[in-house]
Amino acid sequence: MSNLCVIFDLDGTLVDSETIGTEALVELLPDLDIPIETLIDDYRGQKMADILADVERRLNRELPEGFEHTYRDHASARLRTHLKPMPGVVEMLGQLSQPLAVASSAPPAKIRLALEVCDIDHHFGDKVFSCYDINAWKPDPSIYLHTAQAMRVPPERCIVVEDSDVGVAAALGAGMRVLRYRFPHDLPEVIEFHEMRQLPSLLQEVSAELP
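Start counting the sequence shown at 389; every next residue gets the next number (the numbering used here).
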């Protein structure tokens, strides 16, 4: 039987970065008069270029040249001082024995920063993969197929832990099993869970069902 691996999304799954990133955006754009919770829901899992294009639409103006770079610097500074793991992540990772990887739409530098600030980078080593590396973003399944290939595990032997609609779609498109964290869904093939302490036992159950 082939080996298997568990692939984690980053933002909103392993680390509590979505609020920090959205607050950083609003701080730079005080005329973006939309509740932070709405922006988080609207932009969860989205590509940054698409987010900024939608912000321009909402503001009915173009953002300043170089705004994305300015935003990333501002957000990184906030992440360094405010970022924390999602509740239960540290304890959960300490219980897992399966090979682990991260597959994220974030730039490589942000992924590394987040894992290091939260002191969970040692669980993944160099098994950290970014959509920027392959120029394809979720819901395109390429990032998950790329991760499976790098891990030398067939897609059907990969289990993905995701929180966003686009991430779930990408993982399903790659032919992988999906565990969705925190949010409800209407897909019978996706398993929903709400606390990270549930994950070790769920992974054991799903692993036993893999081909």
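In this text, a Cβ means the ideal position worked out from N, Cα and C, and glycines have one as well. All values derive from a computational prediction rather than experimental measurement.
Name the one or two DSSP bridge partners that residue i has.
i	result
V394	L488 and I547
D421	None; D421 has no bridge partner.
R565	I547
D399	V403
Which two residues bound the contiguous alpha helix (DSSP H) that contains residue i?
i	result
I508	Counting along the chain, I508 falls outside any alpha helix (DSSP H), and DSSP gives it neither H nor E.
A463	F455 to H470
T426	I424 to Y431
S405	First-last for S405: undefined, no H or E at that position.
L587	L587 to E597
V554	D553 to G561
Does the beta-carbon distance from residue i to residue j come in below 8 Å?
i	j	result
S517	V490	Per the sequence shown, the amino acid found at residue 517 is Phe instead of Ser. Their beta carbons are under 8 Å apart, which means F517 touches V490 by this criterion.
S405	A502	yes
L392	R568	no
M386	P543	Lying before the first or after the last residue shown, residue 386 is absent from the chain, which here runs from 389 to 599.
V554	I508	no
L590	I579	yes
P599	G561	no
V362	Q537	One cannot answer for residue 362 here, as it falls past the ends of the chain, which runs 389 to 599.
S530	G433	no
Identify whether residue i lies in helix, strand or coil by the three-state DSSP scheme.
i	result
S518	strand
P475	coil
E444	helix
M389	At M389, the pLDDT of 37 sits below 50, so the modelled position is not reliable; the number obtained from the coordinates is stated separately. In this structure, M389 counts as coil in the three-state DSSP scheme.
E580	strand
D528	coil
L416	helix
V435	One point to set straight first is that residue 435 is Lys, not Val, in the sequence displayed. In this structure, K435 counts as coil in the three-state DSSP scheme.
How would you write the range of the beta strand (DSSP E) that residue i sits in, first residue to last?
i	result
L575	No beta strand (DSSP E) contains L575, which DSSP labels as neither H nor E.
Between residue i and residue j, which are expected to be in contact by the criterion C-beta below 8 Å, what is the C-beta distance as a whole number of angstroms?
i	j	result
L533	F512	The pair is not a contact, with the Cβ atoms about 18 Å apart (cut-off 8 Å).
P408	R466	Checking the sequence, you will find Ile at residue 408 rather than Pro. Indeed, because the Cβ distance is near 5 Å, the residues count as touching under 8 Å.
A524	D399	About 17 Å separates the two Cβ atoms, so there is no contact after all.
E583	G476	6 Å
V505	R445	With a Cβ gap of about 32 Å, V505 and R445 do not count as contacting.
L484	V403	Actually they do not touch by this definition, with Cβ atoms about 17 Å apart.
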